[in-house]
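Residue numbers (this note's numbering): 1 to 331.
Shown next, in structure tokens, is the structure this report addresses.
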Amino acid sequence: MEGTTVQRPHISTALACSAALLLAPLLTACGGTAEADTQPPSTPKGVTAQASSSTSVHVMWEAASDNKAVAGYEVYRGKAKVKSVPATKNMIDVDGLKASTDYTFTVRSKDAAGNLSEPSKAVPVTTQATPAKDDEPPTAPTKLTGTADGSRAATLSWGTSTDDVGVTSYDIYQEDSRIHSVPATETTAKLTGLRPGTVYTFTVRARDASDKSSPDSNALDLTTESAPGAPENTAPTGLRAEIGKEGADFTVDLSWDQPETGGVIPAYQLHLNGKLTTTIVWGGTPPKGRASYRLTLADPPGTRYSVKLRAKLPDGKWGDFSAQPTIVLKD
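Following this line, the structure appears as structure tokens:
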């Protein structure tokens, strides 16, 4: 304790000080604390609410800021909190609503100290009417294309889908997770919050008022620009998969373009659903240009997997991961 001379402290005082230090990391000494964080985060801006169906609304907002760090967001329907999401997300679906009903939504940001921002501007939305009998999902969006806009954004566009009743929205997926939605009147989307020098695989699905989703569009691989001074990207590109059958098992024939590493690539790690499945080691001379590998899976039809791989570099380190397309095992 600075400025104080203490000789042979009483045992109870020493223990109390130790306990306080263990239980309260912000204590700078037994007799004082660091300045508490009382500053709330900024209020989320750009809040939108889109009626995805007769019973659900898709709420999105722009990321907030804080003097330390935003820990998450709270979404309110009227005065009632309905969702809490981590700071890494800026969109959520609110389900269990009534058809043809007016609602308002607001969003508040929250920091690790529990400080809440002021509520965002209230956004009104009306859920869709109860749909007529709808037995069919929409058709898949076509001709998905796009470009990377610098190091942290991308713009996608696609062809329209059709439905026996009507398409209500388009959902953008990355690694089989929905990351953005737009109304059915739009066939373009601006994606932000991406990471520099990263390979992404995007697909789009159409959705109708009964919340039925179409099959995926074609997959699109995009690589964002590297940050200044960052090393060259070493991710394999153009990863594609063809599904077949071999007896009762499914075969997955993978092929990809190998990265330029300045030397021979002796092996690859293959990951399914984010977990290492196998290490591909060539039995003879490693291939040049496009490489391929057959994977055999004994899973039932309809099983979904996200697939990615990375190369072992000439210096012995593992390189960057490829894009991560999703495959579905089907006859």
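Backbone N, C-alpha and C define an ideal beta-carbon position, used for all residues, glycine too.
Kindly indicate which three-state DSSP category residue i falls into: helix, strand or coil?
i	result
Ile280	strand
Phe250	strand
Ser151	coil
Gly159	strand
Trp318	strand
Gln39	coil
Val264	coil
Val47	coil
Arg310	strand
Lys98	coil
Gln269	strand
Glu74	strand
Gly146	strand
May I have the straight-line CA-CA distance separating residue i from residue j, to the nearest angstrom?
i	j	result
Pro236	Ser322	5 angstroms
Ser65	Ala132	44 angstroms
Leu313	Ile280	13 angstroms
Asp164	Pro137	8 angstroms
Val204	Glu35	48 angstroms
Asn90	Pro228	27 angstroms
His180	Tyr173	7 angstroms
Pro259	Asp149	22 angstroms
Thr185	Ser169	8 angstroms
Asp135	Asp93	23 angstroms
Val70	Arg195	18 angstroms
Glu242	Leu144	19 angstroms
Cys30	Lys110	In this prediction, Cys30 scores a pLDDT of 49, lower than 50, which makes its location untrustworthy; the coordinate-derived value is nonetheless stated afterwards. Roughly 29 angstroms separates the two Cα atoms.
Trp282	Thr126	58 angstroms
Lys79	Ala49	16 angstroms
Ser151	Thr201	15 angstroms
Thr328	Val167	For clarity, residue 328 is Val in the given sequence; the question names Thr instead. Answer to the nearest angstrom: the Cα atoms are 24 angstroms apart.
Ser226	Leu97	43 angstroms
Glu62	Ser117	14 angstroms
Ser161	His58	20 angstroms
Taking Cβ positions, are residue i and residue j nearer each other than 8 angstroms?
i	j	result
Pro215	Ala140	yes
Ala189	Gln128	no
Asp176	Thr326	yes
Leu276	Leu254	no
Ala87	Thr106	no
Thr223	Thr198	yes
Ala153	Thr192	yes
Asn115	Pro44	no
Tyr268	Arg310	yes
Thr296	Glu232	no
Thr234	Asp320	yes
Name the DSSP beta bridge partners of residue i, please?
i	result
Ser255	Arg240 and Ser292
Val165	Beta-bridge pairing links Val165 to no other residue.
Thr85	One detail in the question is off: residue 85 reads as Val in this sequence, not Thr. DSSP lists Tyr73 as partners of Val85.
Can you tell which of the options has its C-alpha closest to the C-alpha of residue i?
i	options	result
Lys330	His180, Arg304, Val75 and Lys275	Arg304
Asp95	Asp211, Thr278 and Lys245	Asp211
Trp318	Ala248, Met60, Tyr200 and Pro266	Pro266
Gly46	Ser151, Val182, Ala209 and Ser120	Ser120
Lys288	Pro301, Gly263 and Ala298	Gly263
Ser157	Ala206, Pro124 and Glu118	Ala206
Ala219	Ala248, Ser306, Thr104 and Pro301	Ser306
Phe250	Gly159, Leu270, Pro286 and Pro300	Pro300
Does the ligand PLP have even one heavy atom less than 7 angstroms from the beta-carbon of residue i?
i	result
Thr155	This structure lacks the ligand PLP, and indeed carries no ligand of any kind.
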